[in-house]
């Protein structure tokens with residue numbers, strides 16, 4: 013996880029320099045993220061499982077809304093509207109191990125988080141809850157921070173059909 | 013063209029029996045129509061060629077409108093909106109030699125015409141000027157008068173992608 | 003960067019803490035959701051033939067109780083519908099592909115999906131003759147004993163492909179000249195409906211071969227013909243005519259009889275133009291012996307038009323027992339098969355799936371943006 | 003049944019006759035339309051990557067003078083755009099297919115279409131690495147001498163596929179680590195732009211091999227980076243930054259220099275939030291030395307947002323010479339290459355192609371329903 017430290021350091025400088033909260037990862041190129049592959053989650057039972065607690069949510073907002081804080085640099089169909097969630101792919105798809113990265117501000121705890129927008133691959137477009145936000149997005153010249161790539165690219169299991177995008181927390185952007 | 017005579021005879025009976033003007037061709041099954049294949053038309057030059065005459069049009073109405081008299085039993089995208097016309101396929105497609113048949117009333121000369129709705133095949137859906145009218149349409153049980161089949165079926169050159177539908181005059185329904 | 007155990011733990015025990023970080027999603031947990039097997043009775047598959055982009059047919063799974071979208075299948079060119087075996091473990095999907103999307107070599111297969119993972123487990127090559135038509139339930143069916151899958155072919159010669167579900171192999175093509183679609187009538191029997199109103203009765207033996215018999219015409223195809231959109235309760239297929247007359251057909255491998263017909267409409271209603279219409283215009287619930295029909299007012303040529311009303315009948319008494327109006331125009335309705343049925347309603351040119359309490363006609367919820375041109379719905 | 007000679011004859015000489023029948027369409031005449039070759043300068047190809055059904059990419063040909071829709075290409079998964087040689091006789095289309103629509107074996111090809119018939123004449127197999135991204139003009143280009151077709155790859159390793167147009171064969175893959183897209187600069191040369199703002203200059207020899215050179219950074223990629231949406235007049239590529247600063251880049255096989263930058267906006271306009279945005283946000287007409295930009299008001303993160311205004315510049319004086327508002331929001335504009343240019347405008351989430359007189363900004367006509375998610379436009 014060394015790259016994360018380097019990332020975080022750069023991120024601070026970036027934040028001071030730009031209006032955007034998204035980090036600059038020039039030269040880092042493509043990142044290998046979220047490569048765990050063991051399915052551990054309980055099966056979906058058709059109902060959204062939401063915590064019942066009444067205190068301010070640590071992860072506030074509706075993950076199926078484009079306004080959700082983690083979506084600050086997303087570009088695609090929200091997996092939570094497609095049979096997955098903000099962090100899991102819908103049934104029958106494969107999560108791309110390569111991805112683009114954003115840094116989003118959690119209004120509840122006031123922290124900036126590194127968000128990995130892993131695409132889910134191997135079926136046609138989900139077509140629901142399209143969301144395009146471009147905080148910190150840059151051109152295709154800097155792949156690690158460009159949401160205009162189909163990040164299913166290079167996933168041997170599903171090269172290359174794009175289904176939807178997740179917004180997975182990698183860690184805080186310190 | 014013997015089948016046409018038989019067709020016309022049945023058609024008259026049908027007209028008396030039904031509110032629809034479309035002929036009943038039970039048992040005739042699939043028809044081979046419009047099998048001429050020599051391209052003779054001038055190339056399209058990008059402008060609609062419309063006759064300039066001021067007298068009542070013998071072929072009245074806008075062929076790119078669903079209301080056009082020949083469209084009484086059509087179901088699909090009008091080829092005139094897709095780079096073809098009411099009687100020709102758009103560039104790069106193949107006209108299906110098998111088709112379904114309607115009988116439509118020409119308000120200008122007061123006659124009923126047999127219309128062959130040859131599909132144009134081999135490209136994805138044109139997607140423009142969708143029109144569904146069902147005068148005399150019957151169930152899939154009677155293929156020759158069902159507009160719910162993809163009539164690109166069985167066209168060896170383009171089996172089976174559907175692009176658009178023409179409305180070609182076969183003759184009068186006497 | 004500190005990581006906590008999991009998101010649920012965080013939300014319930016640490017919510018509001020200004021000091022703990024949200025946990026990483028990349029350190030633990032599944033990446034891909036799976037589904038309950040067998041599926042609950044209130045799940046529904048919405049099939050989509052995607053008219054503007056027919057190479058990319060799809061099917062969508064929705065939970066009628068929560069309105070949650072559960073998953074997707076990608077199902078190729080001119081898709082009709084998924085076929086669901088009773089045990090709910092697999093999904094059979096007759097599919098057509100071209101080597102270059104909409105051109106090149108055509109390949110037809112039955113793809114077998116795992117119902118829990120929605121992954122293709124395998125595919126069964128079949129003759130590249132599968133009919134491409136406005137999707138009908140009777141395009142593809144299983145024999146009642148679920149040994150054979152029967153698929154209607156049109157090229158434009160008519161036949162039925164027989165796939166052995168046990169061995170996952172194509173076994174035979176049954177010629178059905180002049181006759182269309184497939185209606186199962188028993189463990190191994192089915193019929194097709196012929197252009198003259200007669201039936202082709204067929205009995206499939208262990209080898210997949212069919213013993214066929216052609217009946218005399220049982221339907222008048224000229225004056226007020228029946229549609230393909232028949233529905234079945236037990237040994238009876240309910241066909242409906244363009245004008246709204248119900249013909250109950252009992253058939254097995256050897257004979258077929260049409261019982262006394264009855265109307266969805268009174269004389270006065272017919273005069274006022276009321277008739278059924280749509281793509282999947284009828285739905286039944288066997289538990290309740292109920293038949294639901296989409297109704298609208300229009301001429302004979304409107305037999306495929308959508309409707310905004312649903313009329314409900316007791317199939318044993320032929321009495322209308324209920325009428326209600328829909329929120330949106332509908333071309334298709336379907337009922338869940340249980341004792342507290344839901345009614346699903348969708349319009350091919352709009353993509354809200356509306357979910358009603360079938361008993362009261364009350365709209366329970368709407369699911370936005372389900373597909374592109376949704377056609378027919380299939381329940382477990 | 004009497005048949006007359008042809009429809010035009012009938013309409014002009016016999017219109018109004020109550021006795022003559024309309025002629026049969028099945029007895030004579032062509033069945034399939036063909037197109038003028040070479041195409042007039044006012045024709046435009048609208049490319050569509052069909053975001054909801056990406057397996058079914060398409061391209062549409064429109065006549066800007068009449069608004070007539072002339073024809074369609076079906077172009078496979080994640081389609082970027084067609085590439086048009088100067089003689090107008092052929093169309094090159096880099097395409098991606100899967101053996102099962104959205105799964106199975108991936109095959110990438112360059113399909114060669116006849117521009118007069120829109121029929122595929124052949125296809126050139128290429129490595130299955132073509133980049134899938136929001137379509138850019140620089141995804142695929144020809145060298146200026148039209149000997150080689152260059153296609154950007156991303157899997158996520160970056161490279162450029164070289165196709166010999168003369169022999170219609172894939173000849174080589176040029177590695178471009180850390181550098182993206184393809185911008186031609188001369189008969190046989192091109193550059194890619196690297197993540198640190200440097201350029202990879204490349205010269206392609208007769209065998210398709212590239213002689214490469216990496217420059218020092220010429221763009222500042224951190225503060226206000228440039229977009230990929232550069233446009234070219236002669237030997238100059240005009241790159242634009244997110245904030246609206248134009249960087250004129252002259253490059254050949256050996257060196258690259260960025261000239262004095264200039265702004266699309268005044269200080270006051272920038273303070274008011276004016277900036278360029280869109281997918282194909284810049285367009286040029288070389289005959290008139292004009293650069294057109296889609297403009298809107300918004301923050302830095304709106305660099306891909308559509309706009310409803312177009313601002314026009316003289317690239318030699320850097321002066322704004324014209325401003326006009328559009329009827330509809332636009333994500334893409336394009337100019338015809340002639341002396342009386344048309345300006346085409348389209349929005350990815352709406353499908354009216356609007357056609358303007360580029361000189362006056364006057365809307366001439368709109369063409370309804372051109373595609374599903376139209377991206378970039380290509381002129382002859």
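Residue numbers (this note's numbering), protein chains in the order written: chain S, 13 to 186; chain R, 13 to 186; chain X, 3 to 382; chain D, 3 to 382.
All residues carry an ideal CB built from backbone N, CA and C; glycine is no exception.
Name the chain R residues whose beta carbon is nearer than 8 Å to that of residue i?
i: residue 25 of chain D; result: 181
i: residue 272 of chain X; result: Those do not exist, as residue 272 of chain X stays about 13 Å from chain R at its closest Cβ, beyond 8 Å.
Name, please, each residue of chain D whose Cβ falls closer than 9 Å to the Cβ of residue i.
i: residue 198 of chain S; result: The requested residue 198 of chain S is not part of the displayed model; chain S covers only 13 to 186.
Using the C-alpha atoms, what's the distance from residue j back to residue i?
i: residue 113 of chain D; j: residue 209 of chain X; result: 45 Å
i: residue 95 of chain R; j: residue 67 of chain D; result: 15 Å
i: residue 160 of chain X; j: residue 350 of chain D; result: 42 Å
i: residue 266 of chain D; j: residue 277 of chain D; result: 8 Å
i: residue 182 of chain S; j: residue 84 of chain S; result: 14 Å
i: residue 107 of chain X; j: residue 163 of chain S; result: 29 Å
i: residue 326 of chain D; j: residue 36 of chain X; result: 53 Å
i: residue 112 of chain R; j: residue 130 of chain R; result: 7 Å
i: residue 322 of chain D; j: residue 55 of chain X; result: 42 Å
i: residue 129 of chain D; j: residue 172 of chain S; result: 14 Å
i: residue 377 of chain D; j: residue 166 of chain R; result: 35 Å
i: residue 126 of chain S; j: residue 80 of chain D; result: 28 Å
i: residue 252 of chain D; j: residue 151 of chain S; result: 20 Å
i: residue 63 of chain X; j: residue 93 of chain S; result: 12 Å
Rounded C-beta distance between residue i and residue j? I'm assuming under 8 Å.
i: residue 102 of chain S; j: residue 73 of chain X; result: 5 Å
i: residue 50 of chain X; j: residue 373 of chain X; result: 4 Å
i: residue 235 of chain D; j: residue 314 of chain D; result: In fact, because the Cβ distance is near 14 Å, the residues do not count as touching under 8 Å.
i: residue 336 of chain X; j: residue 283 of chain X; result: That pair is no contact at about 11 Å.
i: residue 52 of chain X; j: residue 375 of chain X; result: 6 Å
i: residue 174 of chain D; j: residue 164 of chain D; result: 5 Å
i: residue 86 of chain R; j: residue 145 of chain R; result: 6 Å
i: residue 199 of chain X; j: residue 222 of chain X; result: 6 Å
i: residue 258 of chain X; j: residue 193 of chain X; result: 7 Å
i: residue 312 of chain D; j: residue 240 of chain D; result: Actually they do not touch by this definition, with Cβ atoms about 16 Å apart.
Residues of chain X with a CB under 8 Å from the CB of residue i: which are they?
i: residue 93 of chain S; result: 71
i: residue 150 of chain R; result: 223, 227
Which residues in chain S have a C-beta closer than 8 Å to the C-beta of residue i? List them in chain order.
i: residue 201 of chain D; result: The premise fails here: residue 201 of chain D is roughly 10 Å from chain S at the closest Cβ pair, so nothing lies under 8 Å.
Name the chain X residues whose beta carbon is nearer than 9 Å to that of residue i?
i: residue 99 of chain D; result: 100, 101, 102, 103, 106
i: residue 134 of chain D; result: Chain X residues near residue 134 of chain D: none, gap ~15 Å exceeds 9 Å.
i: residue 110 of chain R; result: 158
Output, in chain order, the set of chain D residues within a Cβ distance shorter than 7 Å of residue i.
i: residue 160 of chain S; result: 135, 136
i: residue 311 of chain X; result: Those do not exist, as residue 311 of chain X stays about 31 Å from chain D at its closest Cβ, beyond 7 Å.
i: residue 190 of chain S; result: The displayed coordinates of chain S run from 13 to 186. Any statement about residue 190 of chain S would go beyond what the structure contains.
i: residue 171 of chain S; result: 108
i: residue 125 of chain R; result: 24
So which residues of chain D does residue i contact, with C-beta pairs closer than 8 Å?
i: residue 374 of chain X; result: 54, 55
i: residue 136 of chain R; result: 58, 60, 74, 76
Interface residues of chain X around residue i at Cβ under 7 Å?
i: residue 68 of chain D; result: What residue 68 of chain D touches in chain X: nothing, since even the nearest Cβ is about 24 Å away.
Check the Cβ of residue i against every Cβ in chain R and list those closer than 9 Å, keeping chain order.
i: residue 157 of chain X; result: 165, 166, 171, 172
Hey, is the segment 125-139 of chain R in contact with the segment 108-122 of chain X, meaning 3+ C-beta pairs nearer than 8 Å?
-> no
Touch test, the segment 22-33 of chain X against the segment 360-369 of chain X, Cβ-Cβ under 8 Å, three pairs minimum = no
Three or more C-beta pairs below 8 Å linking the segment 306-316 of chain D and the segment 332-351 of chain D | yes
Assess, as a yes-or-no matter, whether the segment 289-304 of chain X is touched by the segment 337-350 of chain X under the definition of 3 or more beta carbon pairs within less than 8 Å.
-> yes
Where in the segment 83-122 of chain R do unbroken runs of the beta strand (DSSP E), each at least 3 residues long, occur, reported from the N-terminal end onward?
-> 87-89, 113-117
Within the segment 315-343 of chain D, ranges of the beta strand (DSSP E) (whole runs, at least 3 residues) | 321-332, 334-337
Segment contact flag, the segment 174-194 of chain D with the segment 145-162 of chain D, C-beta cutoff 8 Å, min 3 pairs = yes
Identify every run of the beta strand (DSSP E) within the segment 116-186 of chain R, keeping only runs that are complete inside it and at least 3 residues long; order them along the chain.
-> 124-128, 131-133, 142-144, 174-177, 180-184
Output the residue ranges of the alpha helix (DSSP H) runs that lie fully inside the segment 56-103 of chain D and measure 4 residues or longer, sorted by chain position.
-> none
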